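Below you'll find the structure, written out as structure tokens, and then a few comments.
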Amino acid sequence: MRAFTAAAVQISPAPGPLTAESIKANCDKAVEYIERCVDATGAELVVLPETVTTGFTPDCGPEALWDMISELPGALLDPAQEVAARLGVHVVWPTYERGPERGVVFNSAALLGPDGGLLSLYRKTHPFCTELRRRGGWVTEGTEVAV
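The numbering used here puts the sequence shown at residues 321 to 467.
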């Protein structure tokens, strides 16, 4: 087995209400931190924090959140795919994902390859009880484990 360098990046999302501008700012910040991390450590795998594109959104209902996010692949994944391909690294990019019906939101994590391609997509199977849509929250749980 070949050794490789992995890095976990911890950043905080833009403060204030969730808007298209705050989502863009979060994506831009995440890309900047990926670049800085790879430059400083030579990491071949960079893992970002849960919901890096939006932050934790308990005050945003599932329909409003669904309106602001994208399917995956899609607009919320584009910045990660671009930086992964440009730097030739693997990236784990956690984000909320728009589901097939309005109001269905998954808490997902995309694994991208060094060409920027989507290798795997995980939808959180055990969200915290207050996050669950069926309990008044905003997240629908996933049903499969990604490998």
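Backbone N, C-alpha and C define an ideal beta-carbon position, used for all residues, glycine too. Values in this document were obtained by computation on a predicted structure and should not be read as measured data.
Against chain B, with Cβ distances strictly below 9 angstroms, would C357 count as a contact?
Structure shown: chain B not included; a single protein chain is present.
Provide the residue span of the beta strand (DSSP E) that contains W413, from first to last.
Taking the first residue of the sequence shown as position 1, residue 413 is located at position 93. That run of the beta strand (DSSP E) goes 410-418.
Just to confirm the assignment: which complete beta strand (DSSP E) runs, minimum length 3, are found wholly within the region 392-467?
410-418, 425-432, 438-443
According to the neighbour-count rule (16 or more other Cβ atoms, all chains shown, within 10 Å of its Cβ), is Q330 buried or exposed?
Here residue 330 refers to the residue found at position 10 when the sequence shown is read from its first residue. Flag for Q330 reads exposed.
Quick one: Cα of A384 to Cα of N427, how far?
On the sequence shown, residue 384 is found 64 positions in, with the first residue counted as 1. On the sequence shown, residue 427 is found 107 positions in, with the first residue counted as 1. Each residue's alpha carbon lies about 15 angstroms from the other.
Residues bridged to L368 (per DSSP)
In the sequence shown, the residue the question calls residue 368 occupies position 48. Answer by DSSP bridge pairing: none, since L368 is not bridged.
I'd like to know whether the C-beta atoms of D272 and A404 end up nearer to each other than 9 angstroms.
Absent from the model: residue 272. The displayed extent of the chain is 321 to 467, so no value can be given.
Pairs of beta-carbons, one from the region 366-380 and one from the region 338-353, closer than 8 angstroms: are there three or more?
yes
Buried or exposed by the 16-neighbour rule on C-beta atoms within 10 Å, applied to C347
The count along the sequence shown starts at 1 and reaches residue 347 at position 27. When all chains shown are included, C347 counts as buried.
For G408, count neighbouring Cβ atoms within 10 angstroms of its own Cβ and tell me buried if that reaches 16, exposed if not.
In the sequence shown, residue 408 corresponds to position 88, counting from 1. With fewer than 16 other Cβ atoms within 10 Å, it is exposed.
Bridge-paired residues (DSSP) for A328
Here the question's residue 328 lines up with position 8 in the sequence shown. Looking at the DSSP assignment, A328 forms a beta bridge with V367.
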